[in-house]
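In the numbering used here, the protein residues as written are 101 to 226. For every residue, glycine included, the Cβ atom is placed at its ideal position computed from N, Cα and C. Source: prediction; values computed, not measured. First up is the structure itself, then whatever we jot down about it.
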C-alpha cells in the first residue's frame with residue numbers, strides 16, 4: 101500500500117545507458133503492467149543499450165544483457181543477446197590469456213549473473 105501511494109503520478113521513463121537500461125528492464129518485471137516494456141524495446145532497437153561497443157566497460161554491457169535476459173523477447177531478441185554473450189565470453193577469455201583489465205572482478209560477476217539468467221534473478225510465478 102505504501103509503495104502504491106508513492107507511485108501515484110509516476111511517469112515511466114528509460115535510459116539508453118546499458119547498465120541503467122538493464123536494471124530498468126529487470127525492475128519493470130515487478131511493476132504492474134510492465135509500463136516501460138515498449139520504451140525499453142524501442143531503445144534496444146536503436147542499438148544504443150545492447151551494442152558490442154560497450155565492451156569498453158564490460159560490466160555496463162553485462163548489466164544490459166542481464167536485463168534483456170530477465171525481461172525476455174518483449175524487450176530484446178534472445179538471439180541478439182546470445183550473440184553478445186558469446187562475444188563477452190570470448191572477450192573475457194582473451195583478457196585472461198593475454199593481460200589484465202580494470203574492473204575485472206565486477207566484470208566477471210556480472211557476466212556470471214548473466215549466464216544464470218533469467219532463472220537466478222527473474223520473477224517467479226506466485
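> residue 268 lies in the alpha helix (DSSP H); which residues open and close that run?
Replying inline: Nothing can be reported for residue 268, as the shown portion of the chain is limited to 101 through 226.
> Exposed or buried, residue 207, counting other C-beta atoms within 10 Å across all chains shown (16 or more means buried)?
Replying inline: Walking along the chain shown from the start, residue 207 turns up at place 107. Label assigned to residue 207: buried.
> What residue range is occupied by the uninterrupted alpha helix (DSSP H) comprising residue 221?
Replying inline: On the chain shown, residue 221 is found 121 positions in, with the first residue counted as 1. Where residue 221 is concerned, there is no enclosing alpha helix (DSSP H), given that its DSSP letter is neither H nor E.
> In chain order, what residues of the same chain have a beta carbon less than 6 Å from the beta carbon of residue 126, not counting five sequence neighbours either side?
Replying inline: In the chain shown, residue 126 corresponds to position 26, counting from 1. Cβ within range, chain order: 167, 170.
>> On the CB-based measure, 16 or more other CB atoms within 10 Å of its CB, does residue 279 come out buried or exposed?
In response: The chain is shown from 101 up to 226; residue 279 falls before or after that span and cannot be answered.
>> Comparing C-alpha positions only, which one of 117, 106, 225, 104 sits nearest to residue 164?
In response: For the purposes of this step, residue 164 is taken as the residue at position 64 of the chain shown. Selected option, being the one with the closest Cα: 117.
>> Taking the alpha carbon of residue 221 as the reference point, which residue from 105, 130, 120, 109 has its own alpha carbon closest?
In response: Position 121 of the chain shown, counting from 1, holds the residue named residue 221. Among 105, 130, 120, 109, the Cα nearest to that of residue 221 belongs to 130.
> When you compare only the Cα positions, how much space is there between residue 203 and residue 143?
Replying inline: Mapped onto the chain shown, residue 203 falls at position 103. Mapped onto the chain shown, residue 143 falls at position 43. Looking at the two C-alpha atoms, the distance is approximately 26 Å.
> Given residue 160, which residues of its chain have a CB within under 8 Å of its CB, disregarding the five upstream and five downstream residues?
Replying inline: Locating residue 160 in the chain shown gives position 60, counting from the first residue. Only 117, 118, 119, 154 meet the Cβ criterion.
> Whose C-beta lies closer than 8 Å to the C-beta of residue 157 among residues of the same chain, with five residues either side of it excluded?
Replying inline: Here residue 157 refers to the residue found at position 57 of the chain shown. Closer than 8 Å at Cβ, skipping near neighbours: 203.
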